[in-house]
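First residue of the sequence shown? That's 1 in the UniProt record's numbering, and the numbers climb one at a time after it. Using N, Cα and C, we set each Cβ at its ideal position, and we do this for glycine too.
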Amino acid sequence: MPHTARPAVIQLEGLGLTYPGPPPVTALHPCDLLIEHGEFVSIVGPSGSGKSSLLNVLGLLDNPTRGAYRLDGVDTSTVGDHQRAALRGRHIGFVFQSFHLLPHRTAQENVELALVYRRTPRRERRDRAARVLARVGLAHRAHALPTHLSGGERQRVAVARALVGEPSLLLCDEPTGNLDSETATSILDLLDQLHGDGMTVLVITHDKDVARRGQRVITIRDGVLSEGRTLLAGGPC
Numbered sequence: 001m002p003h004t005a006r007p008a009v010i011q012l013e014g015l016g017l018t019y020p021g022p023p024p025v026t027a028l029h030p031c032d033l034l035i036e037h038g039e040f041v042s043i044v045g046p047s048g049s050g051k052s053s054l055l056n057v058l059g060l061l062d063n064p065t066r067g068a069y070r071l072d073g074v075d076t077s078t079v080g081d082h083q084r085a086a087l088r089g090r091h092i093g094f095v096f097q098s099f100h101l102l103p104h105r106t107a108q109e110n111v112e113l114a115l116v117y118r119r120t121p122r123r124e125r126r127d128r129a130a131r132v133l134a135r136v137g138l139a140h141r142a143h144a145l146p147t148h149l150s151g152g153e154r155q156r157v158a159v160a161r162a163l164v165g166e167p168s169l170l171l172c173d174e175p176t177g178n179l180d181s182e183t184a185t186s187i188l189d190l191l192d193q194l195h196g197d198g199m200t201v202l203v204i205t206h207d208k209d210v211a212r213r214g215q216r217v218i219t220i221r222d223g224v225l226s227e228g229r230t231l232l233a234g235g236p237c
């Protein structure tokens, strides 16, 4: 049988986002972007550059107002809200600046919660949570409450929760924003390790030192994406 090429994790074609006014505000100028499986891509820009708007579109939280977004080959503009939520749950693991852990649940229980809405059997939830906690170096802290964990440990729990659903994409929004420099380095090292294991990683950040960890660094400014000397969206960057 002929080999079928695997679709890109992210494919944007003329994608743009304008918020209705008055007056209308263009948050993202039309752009094309391709992110293949196994890449580590950083998107860097200052406050107000459009990073949050881009994150919301890529995370299937907001709909673009023009163009197309294909996630693992699925045209997200053709699906309804329920299907979008299902796509988001199956294909994207989110890591945020704030850890968003439930304080009265153990590390393992916080990770398991990511599988509850998939109706994963309890034993399988427990086994998968234990595996990903070991993968991020926290097997020995599985039964600790978030209030008893350091900032770096809490972020590792958040990474484990993002990984437990076996997503195609790890989408990280300022993942080191609440951490000191030494702890931030350890989290970036973990992302490097996950990337080395084959995970597709996309980090959105304002920190150029964080962005340099990516194989590719894309800049966003005034809603315009650019990569190196190749302009990915019209207008100056």
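Practice prompt. May I ask you to list the residues that DSSP assigns as paired with residue 41?
Written response: 202 and 216
Worksheet item: Ordered along the chain, which non-local residues of its own chain (more than five positions away) have a Cβ less than 6 Å from that of residue 107?
Response: 141, 142, 144 and 157
Fill in: Span separating the alpha-carbon of residue 219 from that of residue 125
38 Å
Fill in: Helix, strand or coil at residue 74 according to DSSP, with G and I counted as helix
strand
Discussion item. Rounded to whole angstroms, what is the Cα-Cα separation between residue 75 and residue 183?
Written reply: 38 Å
Discussion item. Just to confirm my understanding: we take residue 34, look at its own chain, exclude 5 residues before and 5 after, and list those with CB closer than 6 Å. What are they?
Written reply: 8 and 11
Practice prompt. With DSSP as the reference, please indicate the residues paired to residue 18 in a beta bridge.
Written response: 26
Item to complete: Name the one or two DSSP bridge partners that residue 10 has.
Response: 35 and 71
Item to complete: Taking residue 93 as part of the beta strand (DSSP E), name the residues at either end of that continuous run.
Response: 92 to 95
Worksheet item: If residue 115 and residue 128 are in contact, beta carbons under 8 Å, what's the gap, nearest whole angstrom?
Response: 7 Å
Worksheet entry | Which of helix, strand or coil DSSP assigns to residue 227 | strand
Worksheet item: Where DSSP assigns a beta bridge to residue 171, which residues make up the other side?
Response: 94 and 202
Practice prompt. Quick one: using the 10 Å Cβ neighbour count with 16 as the cut-off for buried, is residue 147 buried or exposed?
Written response: exposed
Worksheet item: For residue 130, which of 109, 150 and 36 has the nearest alpha-carbon?
Response: 109
Discussion item. Buried or exposed, going by whether 16 or more other CB atoms sit within 10 Å of the CB of residue 155?
Written reply: buried
Discussion item. Per the DSSP calculation, residue 66 is bridged to which residue(s)?
Written reply: 16
Worksheet item: Do the stretch 41 to 54 and the stretch 12 to 30 make contact, defined as three or more Cβ pairs closer than 8 Å?
Response: yes
Fill in: Buried versus exposed, by CB contacts within 10 Å (16 or more), residue 181
exposed
Fill in: Span of the alpha helix (DSSP H), counted from its first residue to its last, around residue 178
Run containing residue 178: none; DSSP gives neither H nor E here.
Discussion item. Taking its Cβ as the centre, do 16 or more other Cβ atoms sit within 10 Å of residue 63, making it buried, or is it exposed?
Written reply: exposed
Practice prompt. For residue 156, name the three-state secondary structure that DSSP assigns.
Written response: helix
Item to complete: Return the chain-ordered list of same chain residues with a C-beta closer than 7 Å to the C-beta of residue 132, the five sequence neighbours on each side being excluded.
Response: 111, 160, 163 and 164
Practice prompt. Following the continuous alpha helix (DSSP H) through residue 134, name the residue where it begins and the one where it ends.
Written response: 122 to 135
Item to complete: Report all residues from its chain with a CB closer than 7 Å to the CB of residue 194; omit the five preceding and five following residues, and keep chain order.
Response: 170 and 201
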